[in-house]
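Enquirer:
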Ligand SMILES: NC(=O)c1ccc[n+]([C@@H]2O[C@H](COP(=O)([O-])OP(=O)(O)OC[C@H]3O[C@@H](n4cnc5c(N)ncnc54)[C@H](OP(=O)(O)O)[C@@H]3O)[C@@H](O)[C@H]2O)c1
């Protein structure tokens, strides 16, 4: 495979770390755009990676860094909308600028991260804005001279994730009882390395051009099953209390006012549709999705090894 120049938006996050490490290990030159370069210096252990600081929502910044890029990867996403960091700006306006910058700089390939259940009819602003961005890319890619592939995963797990680790933290802090909102919501968690492998394979794989892929792991679980499993793994004896629908809404209505908005009404609405795939993992990729049980115990028991693991991955 020839070496490509790849520009990643949102590459400093959980998924971005895995994709960047895989690309760098294959010798590609990776440029990650970030709002705060200093915070992500750990990524500079990857020898062919550079970090560029700026506002990824600005057309001029994108145009500057798309020059000489062969591939652009967009991973930027937020779960909560607030002030300047709102769904319209971060999901939709950013993608409009990506389209314009791709057209102006002649970049021919885009990989885009959406979300499972993204739909214009979706129950939450998160899912509707994800759908609007994804649909625009697919509608306008040909006219703007680039090929797009988009990915819609269920919840993603792996060292450093914010889902499994968050519940582990909540369980460790809970004083014997954990009130659990949306206990019957279903997820089909997919391993971050499997998601990253799909992005890397898709880059130059013509069969994937213009396609949308849902990505799920091998099994689905209710949220209650997942949280019970996490409690067992970390050996926390805590009573998990299933909240009813109105109690879940109430919890979201209260918690969205807490610092960091740990659970919002928009999150609650997203969870009213099951985050599960109707079909098997796409066989266009040479990936056998890993089950949660094969991966989670290692990093929940020794979370501090995350960065060591990242450094080892970077050297591969
Ligand atoms: N994790 C999951 O379970 C999951 C499931 C389905 C879909 N997804 C999607 O997958 C993508 C990556 O997820 P992730 O878990 O890796 O997310 P993450 O860890 O939160 O990383 C997202 C990145 O986006 C950038 N970003 C965040 N807010 C921004 C803002 N307001 N303006 C500009 N840039 C901003 C950040 O880069 P800087 O801070 O460096 O600027 C951050 O590194 C997202 O699009 C997400 O919606 C994730």
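Numbering (my numbering), first residue to last: 25 to 340.
For each residue, glycine too, the CB sits at the ideal point set by N, CA and C.
Here the structure is a predicted model, which means the values were calculated and not measured.
Out of curiosity, what's the CA-to-CA distance linking residue 120 and residue 299?
Expert: Position 96 of the chain shown, counted from the start, is the residue given in the question as residue 120. Position 275 of the chain shown, counted from the start, is the residue given in the question as residue 299. Distance between the alpha carbons of residue 120 and residue 299 is about 27 Å.
Enquirer: For residue 38 and residue 184, what's the separation of their Cα atoms in angstroms?
Expert: As a position in the chain shown, residue 38 is number 14, starting the count at 1. As a position in the chain shown, residue 184 is number 160, starting the count at 1. Using only the alpha carbons, I get a separation of about 6 Å.
Enquirer: Would a C-beta distance cut-off of 7 Å place residue 233 and residue 166 closer than the cut-off?
Expert: Start at 1 with the first residue of the chain shown, and residue 233 comes out as number 209. Start at 1 with the first residue of the chain shown, and residue 166 comes out as number 142. Not closer than 7 Å, so no.
Enquirer: To which residues does DSSP link residue 57 through a beta bridge?
Expert: What you label residue 57 is simply residue 33 of the chain shown in a count that begins at 1. Residue 57 is bridged to 33 and 76.
Enquirer: For residue 183, verify whether its CB is less than 6 Å away from any heavy atom of ligand 1.
Expert: Taking the chain shown and counting its residues from 1, one reaches residue 183 at position 159. Incorrect: residue 183 has no Cβ contact closer than 6 Å to ligand 1.
Enquirer: Kindly provide the ranges of any alpha helix (DSSP H) runs that are 4 or more residues long and lie completely inside the stretch 167–221, ordered along the chain.
Expert: The stretch 167–221 contains these whole alpha helix (DSSP H) runs: 188–197.
Enquirer: In whole angstroms, what separates the C-alpha of residue 269 from that of residue 162?
Expert: Numbered from 1 along the chain shown, position 245 holds the residue referred to as residue 269. Numbered from 1 along the chain shown, position 138 holds the residue referred to as residue 162. Roughly 36 Å between the two C-alpha positions.
Enquirer: Can you tell me the Cβ-Cβ gap for residue 182 and residue 216, rounded? I've got them flagged as a contact below 8 Å.
Expert: Within the chain shown, residue 182 is the residue found at index 158, counting from 1. Within the chain shown, residue 216 is the residue found at index 192, counting from 1. That belief holds up - the Cβ atoms of residue 182 and residue 216 are roughly 3 Å apart, short of 8 Å.
Enquirer: Would residue 228 pass as a contact of residue 173 if the rule is Cβ separation under 7 Å?
Expert: Within the chain shown, the letter at position 204 stands for residue 228. Within the chain shown, the letter at position 149 stands for residue 173. No; because the gap between Cβ atoms is not below 7 Å, this pair is not in contact.
Enquirer: Nearest-angstrom Cα distance between residue 143 and residue 97?
Expert: Numbered from its first residue, the chain shown carries residue 143 at position 119. Numbered from its first residue, the chain shown carries residue 97 at position 73. Cα-Cα distance, rounded: 21 Å.
Enquirer: Looking at C-alpha atoms only, which residue of 271, 309, 282 and 288 is the closest neighbour of residue 231?
Expert: Taking the chain shown and counting its residues from 1, the one referred to as residue 231 is at position 207. The candidate whose alpha carbon is nearest that of residue 231 is 309.
Enquirer: By alpha-carbon positions, which one of 122, 71 and 91 ends up nearest to residue 34?
Expert: For this step, residue 34 is matched to residue 10 along the chain shown. Comparing Cα positions, the closest option is 122.
Enquirer: Quick check: is any heavy atom of ligand 1 less than 6 Å from the C-beta of residue 59?
Expert: As a position in the chain shown, residue 59 is number 35, starting the count at 1. Yes, the Cβ of residue 59 comes within 6 Å of a heavy atom of ligand 1.
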